[in-house]
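In our numbering, the protein residues as written are 1470 to 1905.
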């Protein structure tokens, strides 16, 4: 017995058949349009990057557990990109003399992380990244808040289906030092504890708090801070509040578009101020969909010039889960519109002429590669989703005519070759706009 290779994709990666790709193209197309209405331009970059750019600023979890790494023949340590932000920061720094700031860019790369595959997490995913460089104004935050809502609306989502929760690293650090009295060396582990607050039972959180050196009183106070939500900001010093972009956002017209939430931490080390996440509100999928924030020091890995940045990444897995949960996934739209069928070998030339004229109008048109019985070809056209066929038969073609058949109604008309496109388009329009 011959042994064949497995037809399954590598664990944590996915195959996308044409129907899947049709749905994805529609979803992403809506998102591209929404992003571009805000003036963002698309770019791309390499899938391989030096490991060092992730070791410098990405989360420890990514660097220590999730990087796909390799060493090339020159001894250079490389990684399959796990995220796009370090790459775009490198590109901005490398083109400072050519760019006019603020720069508004977006991309849609595939990224790789060695994760345990589960709902919402795979090892290869596609992520829409949107970034703005060159402005420290809180108007950047406002623009991104509006952009996020525009993107969600482009997918058919209403405001009750999701919530945009925003926090601020500046305020969070002030909460740690001024309210919880946590020393600087405990800031990172306490932030990690806060990030897990909604995911673990209180007994487990209390154990973790003790391990990182929090007293019972501090742990209890941390719980009070979580419960207080936005109200905890009133306990902070004027100095801390003055350094916060979020406080400025809260005084803008975007205030009603966000929920202020100190639980939002985000794991990446490069965030310096505002951070946000968008959450699904459906109980069946109550999870973070995507997020991002302000990173004013990341370009500093490559240049002494200060270039503030703000951006986010929207992964394909979680956004598709969201659309599925809310019944917002579009139907596949990759079927053939028309099939042009020659009934004899010598009729392939006029069939190809008719097909070319139909394609010129944007109709998805195929022709059989071999001559078969007409009934079988019409049946194949139906299965392919065609709404009409053009039959090039011997007798009709002797007078320069072909037959256009509407597959839904069964109606057919003999027409000269130069009228094929007109008659087919009229038949298809009746499908799209049936008479009342």
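Backbone N, C-alpha and C define an ideal beta-carbon position, used for all residues, glycine too. Computed from a predicted model, the values in this text were never measured in an experiment.
Report the residue from 1616, 1537, 1895, 1641 whose alpha carbon sits nearest the alpha carbon of residue 1740.
-> For the purposes of this step, residue 1740 is identified with residue 271 of the chain shown, where counting begins at 1. It is 1641 whose Cα lies nearest to the Cα of residue 1740.
Under the DSSP definition of a beta bridge, which residues are partnered with residue 1537?
-> Position 68 of the chain shown holds residue 1537. In the DSSP output, where bridge partners are listed per residue, residue 1537 has 1549.
Give the range of the alpha helix (DSSP H) segment to which residue 1601 is assigned.
-> Here residue 1601 corresponds to residue number 132 of the chain shown, with the count starting at 1. That residue, residue 1601, is in no alpha helix (DSSP H); its beta strand (DSSP E) goes 1593-1602.
Near residue 1481, what residues of its chain come up, given a Cβ to Cβ distance below 6 Å and the 5 sequence neighbours on each side ignored?
-> What you label residue 1481 is simply residue 12 of the chain shown in a count that begins at 1. Excluding sequence neighbours, residue 1481 sits near 1586, 1591, 1592.
Inter-stretch contact (C-beta, 8 Å, three-pair minimum) for the segment 1749-1762 and the segment 1626-1636 | yes
Quick one: Cα of residue 1651 to Cα of residue 1607, how far?
-> Against the chain shown, residue 1651 aligns to sequence position 182. Against the chain shown, residue 1607 aligns to sequence position 138. So the two alpha carbons sit approximately 28 Å from each other.
Examine chain B for any beta-carbon lying closer than 8 Å to the beta-carbon of residue 1750, and answer yes or no.
-> No chain B appears in the structure shown, which is made up of a single protein chain.
Going by C-alpha distance, which of 1661, 1694, 1693 is nearest residue 1678?
-> Mapped onto the chain shown, residue 1678 falls at position 209. Measuring from the Cα of residue 1678, the nearest candidate turns out to be 1661.
Inter-stretch contact at 8 Å, needing at least 3 Cβ pairs: the segment 1515-1524 / the segment 1539-1556 | yes
Would you list, in sequence order, the uninterrupted beta strand (DSSP E) runs of no fewer than 3 residues that lie entirely inside the segment 1857-1890?
-> 1857-1861, 1870-1875, 1881-1885
Name, in chain order, the residues that DSSP records as bridge partners for residue 1728.
-> Against the chain shown, residue 1728 aligns to sequence position 259. Note: residue 1728 sits in a beta bridge opposite 1634.
Selection from 1699, 1682, 1776, 1542 that minimises the alpha carbon distance to residue 1605 | The residue given as residue 1605 occupies position 136 in the chain shown. The residue with the shortest Cα to Cα distance from residue 1605 is 1776.
Go to residue 1492, then tell me how far its alpha helix (DSSP H) extends in each direction, as first and last residue.
-> If you number the chain shown from 1, residue 1492 lands on position 23. Residue 1492 -> alpha helix (DSSP H) spans 1487-1505.
Using DSSP with H/G/I as helix, E/B as strand and the rest coil, what is residue 1743?
-> As a first step, residue 1743 is located in the chain shown; it is residue number 274 there, counting from the start. Here residue 1743 sits in strand by DSSP.
Going by beta carbon distance, what residues of the same chain come within less than 7 Å of residue 1701, once the five residues before and after it are set aside?
-> What you label residue 1701 is simply residue 232 of the chain shown in a count that begins at 1. Excluding sequence neighbours, residue 1701 sits near 1644, 1648, 1694, 1731.
Who are the Cβ neighbours of residue 1719 in its own chain at under 6 Å, not counting the five residues just before and after it?
-> In the chain shown, the residue the question calls residue 1719 occupies position 250. There are no such residues.
Since residue 1782 and residue 1510 are thought to touch, with beta carbons under 8 Å apart, how far apart are those beta carbons, to the nearest angstrom?
-> Walking along the chain shown from the start, residue 1782 turns up at place 313. Walking along the chain shown from the start, residue 1510 turns up at place 41. Actually they do not touch by this definition, with Cβ atoms about 17 Å apart.
Thinking residue 1778 and residue 1786 are a contact (beta carbons under 8 Å), I'd like their distance in whole angstroms, please.
-> Counting from one through the chain shown, the residue named residue 1778 turns up at place 309. Counting from one through the chain shown, the residue named residue 1786 turns up at place 317. Contact flag wrong, Cβ pair sits at about 25 Å.
Which two residues bound the contiguous beta strand (DSSP E) that contains residue 1757?
-> Position 288 of the chain shown, counting from 1, holds the residue named residue 1757. Unbroken beta strand (DSSP E) run through residue 1757: 1757-1763.
Which whole-angstrom value describes the C-beta separation of residue 1869 and residue 1600, a residue pair presumed to lie in contact below a C-beta threshold of 8 Å?
-> Within the chain shown, numbered from 1, the residue matching residue 1869 stands at position 400. Within the chain shown, numbered from 1, the residue matching residue 1600 stands at position 131. About 59 Å separates the two Cβ atoms, so there is no contact after all.
Count the other CB atoms, across all protein chains shown, that sit within 10 Å of the CB of residue 1555; report buried if there are 16 or more and exposed otherwise.
-> Numbered from its first residue, the chain shown carries residue 1555 at position 86. Buried.
The segment 1681-1696 / the segment 1616-1626 touching (three or more Cβ pairs under 8 Å) = no
Could you name the residues that DSSP lists as bridge partners for residue 1573?
-> By one-based count along the chain shown, residue 1573 stands at place 104. Answer by DSSP bridge pairing, in chain order: 1601.
Enclosing alpha helix (DSSP H) for residue 1560 [first to last residue] | Counted from its first residue, the chain shown places residue 1560 at position 91. Taken as a continuous stretch (DSSP letters only), the alpha helix (DSSP H) holding residue 1560 covers 1554-1563.
Assumed close pair residue 1893, residue 1859 - CB separation to whole angstroms, cut-off 8 Å = Reading the chain shown from its first residue, position 424 is the one you call residue 1893. Reading the chain shown from its first residue, position 390 is the one you call residue 1859. The Cβ separation is near 7 Å, so the contact holds.
Within the same chain, show all residues whose beta-carbon is closer than 8 Å to that of residue 1823, passing over the 5 residues directly before and after it, in chain order.
-> Here residue 1823 refers to the residue found at position 354 of the chain shown. These residues qualify, in order along the chain: 1809, 1859, 1861, 1871, 1886, 1889.
Does the beta-carbon distance from residue 1851 to residue 1488 come in below 8 Å?
-> As a first step, residue 1851 is located in the chain shown; it is residue number 382 there, counting from the start. As a first step, residue 1488 is located in the chain shown; it is residue number 19 there, counting from the start. No, these two residues do not count as a Cβ contact at 8 Å.
In terms of DSSP beta bridges, what is residue 1810 paired with?
-> For the purposes of this step, residue 1810 is identified with residue 341 of the chain shown, where counting begins at 1. DSSP, once it has assigned bridges, lists 1860 as partnering residue 1810.
From residue 1565 to residue 1553, what distance separates their C-alpha atoms?
-> Here residue 1565 corresponds to residue number 96 of the chain shown, with the count starting at 1. Here residue 1553 corresponds to residue number 84 of the chain shown, with the count starting at 1. Rounded to whole angstroms, residue 1565 to residue 1553 spans 18 Å at the Cα level.
Is residue 1761 closer than 8 Å to residue 1748 when the C-beta atoms are compared?
-> Taking the first residue of the chain shown as position 1, residue 1748 is located at position 279. Taking the first residue of the chain shown as position 1, residue 1761 is located at position 292. Contact flag unset, no.
Straight-line CA distance for residue 1626 to residue 1614?
-> Indexing the chain shown from 1 puts residue 1626 at position 157. Indexing the chain shown from 1 puts residue 1614 at position 145. If you take the alpha carbons of residue 1626 and residue 1614, they lie about 15 Å apart.
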